[in-house]
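S.K.: Following this message is one structure expressed as structure tokens.
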Amino acid sequence: VGLERRAHGHHLVRIDAHQATIIALLEASPDITIEELRDSLSKQGLSFGYGTIRRFFERHKITRKKRPPMPQSRIARMS
90 VGLERRAHGH HLVRIDAHQA TIIALLEASP DITIEELRDS LSKQGLSFGY GTIRRFFERH
150 KITRKKRPPM PQSRIARMS
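Residue numbers for the sequence shown follow the numbering used here, beginning at 90 and rising by one.
Here it is as structure tokens:
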């Protein structure tokens, strides 16, 4: 159990070192999914598992609730 906890703790320290990068990506694309975030991070040479990112969000009280689709604002046909 101790080794497992230490390994898990290593991921926390590693992802927290990149908090500013993650926050910047979230601010640039507010509706980004975790998988899209993982892809953006991997393009910068950073690799984190889905669960690691999800726990990062929980620790930092970051919510990722998607907005429901909104109805079109125009009533008249466009053609």
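Heads up, the beta-carbon is just placed ideally off N, CA and C, and yes, glycines get one too. Since the model is a prediction, treat every value here as computed from it, not as a measurement.
Excluding five sequence neighbours on each side, which residues of the same chain lie with their C-beta closer than 8 Å to the C-beta of threonine 110?
M.R.: Leu130, Gln133, Leu135
S.K.: Work out the CA separation of phenylalanine 146 and glutamate 124 for me, nearest whole Å.
M.R.: 13 Å
S.K.: Which residues in the same chain as histidine 149 place their Cβ atom closer than 8 Å to its Cβ, once the five residues preceding and following it in sequence are excluded?
M.R.: Gln108
S.K.: Hey, could you find the ends of the alpha helix (DSSP H) glutamine 169 is sitting in?
M.R.: Outside the displayed range of the chain (90 to 168) lies residue 169, so it cannot be described from this structure.
S.K.: Could you check the C-alpha separation between isoleucine 121 and alanine 113 for me, to the nearest Å?
M.R.: Cα-Cα distance, rounded: 12 Å.
S.K.: Using the three-state DSSP reduction, which class does aspartate 105 fall into: helix, strand or coil?
M.R.: Of the three classes helix, strand and coil, the one that applies to aspartate 105 here is helix, per DSSP.
S.K.: Please state whether DSSP places isoleucine 111 in a helix, a strand or coil.
M.R.: Correct three-state label for isoleucine 111: helix.
S.K.: Hey, quick one: how far does the alpha helix (DSSP H) through threonine 141 stretch, first residue to last?
M.R.: 139-148
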